[in-house]
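To start, the structure under review is shown below, and the notes come after it.
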Amino acid sequence: MQNAIFYARIDFMIQWHEGLSLGVKAIDDDHKKLLNIINTLSDAIKDGNTQEVIDKTFKDLQKYVLEHFHREEALLKKCNYEDIKEHMAQHREFGKKIPELMTKLADVKNSANAQEVSYFLTDWLFNHIIEEDIPTISIYEQHGLTKQKMSNKKSFISKITKKTIENFSFTKRIFLSAIIPLLGMLLFGTIILFNNLTKYMNMKKTSTITQIVSSVDKVVHDMQMERGLSIGHVTCSDGKFKETLRRQKLSLNISIKKFQEKIKEPDIKHISVIEPYIKRFQADILSLKKLRDKIDAKEITQDEAIYSYTQIIKNILNITPKVAFLNYDREISSNIATLSSLQHLKESLGQQRAYAIMLIEKNGGSIDEYLHFAKLDGTQRAFFETFKQSASPLEQGEYNLIISSDIAKKIDDYKQSIYLREFDSLDSQVWFDSVTELINEIKIFEESLLFKINSLVEASINDSIVNLLLWLFFATTILIITLSMLYTFRTSTKYQIHQLTDAMKDLAKGGRSLRLSPININRDELAVMYDAYETTRQKLLKGDIYTQLYLNKKELEIESQQKQNVELQEMAYIDPLTGTMNRRKFDELSQIELERSNRYKSELSFLLLDIDHFKKINDTYGHDAGDEVLKHFSSICLSMARSLDIVARIGGEEFVVMLRETDSDGALIFAERFRETISNSVVNHDGKSIKYTLSIGISSRQDDDKDVKAILQRADKALYGAKNSGRNRSIIY
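Following the numbering used here, the numbering of the sequence shown begins with 171 at its first residue and continues without gaps.
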């Protein structure tokens with residue numbers, strides 16, 4: 171924009187650039203027409219047309235500006251533009267400038283004023299488009315008022331992409347692109363952790379439950395022993411089983427008590443599948459005392475006694491297979507099933523032991539008793555087949571060793587004798603002890619199975635704990651690594667973006683020296699952006715140099731053409747004694763600069779300078795010496811001022827310096843540097859050295875300042891304060 175305006179000052183004519191288009195035809199057409207009218211006005215001024223032509227062109231401009239403002243405001247209201255009031259206020263601000271511009275164009279002979287109006291209008295139009303209208307493009311696009319350069323048909327992916335860009339910043343998109351997969355991974359890890367935790371809890375539950383099996387096995391074994399001894403006691407008249415039965419009852423009582431304590435534990439008490447059997451067992455134990463009393467008094471038949479004990483034992487044995495189904499580990503369940511088969515097989519042996527005692531003591535028995543005895547052999551074979559289905563080959567081998575032992579053969583011999591009714595050679599006590607020995611061997615085998623089951627449960631619990639800890643460590647490690655990488659990538663990306671943003675801002679402000687180091691990564695998006703910035707910087711730098719060369723050439727041409735008018739121009743606005751600007755020109759330019767500063771909210775400060783005791787210098791050294799002091803003062807002031815500052819003499823020994831783009835703090839620094847330079851310098855006149863000082867009042871533009879007079883009045887008060895506080899100092903109002 172700066173280059174465009176500068177060319178306007180050289181050649182007046184400005185060409186429309188498509189980069190200024192908003193995409194709204196009505197508004198773009200207005201801007202183009204306004205530019206054409208301003209160009210026409212500039213040509214009229216340049217060509218020295220009559221006042222009538224210039225006035226007519228300006229009135230056309232004024233009329234069309236108002237129409238444009240009305241059209242633009244109507245569109246913004248239609249779009250519910252949030253900053254409509256501020257936009258309208260800028261329009262009204264320009265409207266207030268119209269009378270002043272017309273006044274400056276009233277004298278066609280004053281070409282300087284006319285050209286100044288032309289410059290102002292060009293500057294205003296481009297600022298109006300770039301700073302006021304272009305920021306409204308997005309609101310026009312949202313309401314579909316802009317031209318569509320591409321097809322309205324958009325793919326689903328395009329719509330999603332647009333929505334994502336509109337709702338999420340660049341850094342948020344980076345964050346989400348990493349966090350969403352991370353959350354998925356954490357969800358997956360959480361499921362695995364939950365499964366491991368569930369498995370651990372199940373194994374803990376299994377560990378508790380499998381303890382029942384051991385108690386069940388002990389109660390059943392003792393009750394089987396009591397059943398066999400009870401049948402012997404009821405059948406025999408000599409009382410040979412009485413003392414052994416008494417001891418066995420005590421042993422069973424202890425086993426029952428331990429079992430009852432076990433099933434009262436909370437983890438076991440509420441297991442629904444075995445709850446009915448537990449209740450039944452508790453009822454059976456209450457009836458056991460009555461059964462024992464009848465046996466002691468021999469008021470019960472052998473069949474009734476066997477049946478009663480067997481029913482209690484069967485109820486207890488039903489607990490083991492139910493526990494097997496509660497286990498979540500296949501190998502553990504299989505081993506419990508094997509154990510259950512052995513328990514039932516052992517139970518059939520116990521029943522057979524009882525029936526055989528009855529047959530031997532009676533020296534034969536009823537057909538039913540023989541059938542029961544024989545039927546139990548089939549039951550044993552059935553349970554053995556069940557055992558083989560769940561037992562491992564090693565376990566089958568161990569059991570085969572038991573049933574092929576000498577004691578097993580002795581029992582088989584006894585069975586053959588019973589089937590042949592050869593009772594004379596049989597002894598019920600020997601039979602009882604032999605079967606008991608075999609049952610005990612099977613019980614030892616059961617205990618090894620129980621130990622194996624407990625070992626498997628313990629190993630499974632340990633594996634669950636290890637897996638749980640490993641997954642926790644893995645998930646935590648992945649989370650830390652991912653978050654660290656995310657933070658590093660996000661920080662590095664933001665650094666590059668901020669670096670590029672700062673460079674672009676510097677470029678927009680006119681800076682050309684800031685160079686970005688290239689990113690040495692092929693096909694990296696930010697690397698492409700860095701290269702684009704560097705290309706732009708080099709092109710602008712090249713353009714600046716060519717512009718300077720062009721301006722230098724133009725300057726030489728203009729200098730040769732205007733050299734003859736320099737003295738006349740200086741006489742018009744230069745103080746002849748000091749070479750500074752006079753009061754009239756200063757008032758004109760300072761008011762223009764104040765209005766410009768108000769419009770763009772830029773800093774503007776004024777220094778009011780007064781030579782201390784100047785009358786005394788005139789009285790002491792003469793007026794010629796006073797003039798030399800004034801020349802000396804103004805030369806230092808002009809040399810220290812920047813090219814954009816204005817130095818003017820507004821009174822006898824009173825000067826003013828207008829500092830553009832400078833706040834009060836910067837003005838104070840300048841004032842102090844200037845004051846110290848004067849204080850340390852000497853004016854030589856007629857062989858005499860004259861030293862002098864000055865006082866400075868400082869005032870800066872405020873938002874409510876409408877004319878320079880108010881600012882200078884504040885500066886004058888500050889100057890008065892400097893005089894009253896001892897002179898040779900600078901004071902800010």
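No residue lacks a Cβ here, since even glycine has one placed at the ideal position from N, Cα and C.
Distance, residue j Cα to residue i Cα
i           : j           : result
residue 464 : residue 471 : 9 Å
residue 611 : residue 484 : 21 Å
residue 270 : residue 286 : 12 Å
residue 452 : residue 522 : 26 Å
residue 217 : residue 283 : 15 Å
residue 363 : residue 668 : 42 Å
residue 634 : residue 436 : 23 Å
residue 785 : residue 838 : 26 Å
residue 561 : residue 361 : 34 Å
residue 241 : residue 234 : 10 Å
residue 586 : residue 592 : 9 Å
residue 653 : residue 367 : 26 Å
residue 862 : residue 747 : 19 Å
residue 444 : residue 390 : 16 Å
residue 469 : residue 462 : 10 Å
residue 682 : residue 816 : 27 Å
C-beta atoms of residue i and residue j nearer than 8 Å
i           : j           : result
residue 808 : residue 866 : no
residue 215 : residue 208 : no
residue 544 : residue 401 : no
residue 307 : residue 316 : yes
residue 134 : residue 502 : For residue 134 there is no data in the structure shown, the boundaries of the chain being 171 and 903.
residue 519 : residue 554 : no
residue 313 : residue 249 : yes
residue 781 : residue 799 : yes
Cβ-based burial, residue i [other Cβ within 10 Å; buried from 16]
i           : result
residue 750 : buried
residue 534 : exposed
residue 644 : exposed
residue 841 : buried
residue 291 : buried
residue 707 : buried
residue 551 : exposed
residue 894 : exposed
residue 321 : The pLDDT assigned to residue 321 is 43, lower than 50, so where the model puts this residue is not dependable; a value taken from the coordinates is nonetheless given after this. Answer is exposed; the Cβ neighbour count stays below 16.
residue 459 : exposed
residue 416 : exposed
residue 537 : exposed
residue 517 : buried
residue 662 : exposed
residue 853 : buried
residue 394 : buried
residue 319 : Below a pLDDT of 50, predicted positions are generally treated as unreliable, and residue 319, at 45, falls in that range; the measurement from the model is reported next regardless. It is exposed - the Cβ of residue 319 has fewer than 16 other Cβ atoms within 10 Å.
residue 605 : buried
Under the three-state DSSP convention, the category residue i falls into
i           : result
residue 824 : strand
residue 830 : strand
residue 814 : coil
residue 901 : strand
residue 853 : strand
residue 184 : coil
residue 593 : coil
residue 709 : helix
residue 819 : strand
residue 192 : coil
residue 864 : strand
residue 886 : helix
residue 782 : coil
residue 274 : helix
residue 775 : strand
residue 444 : coil
residue 410 : coil
Neighbourhood of residue i by C-beta, 7 Å cutoff - its chain only, sequence neighbours within 5 removed
i           : result
residue 631 : 370, 373, 374 and 377
residue 232 : 268
residue 454 : 482 and 485
residue 412 : 403
residue 703 : 670, 673, 674 and 686
Beta-carbon contacts of residue i that lie in its chain and below 8 Å, excluding the five residues immediately before and after
i           : result
residue 414 : 399
residue 311 : 193
residue 875 : 764, 768 and 881
residue 428 : 385 and 388
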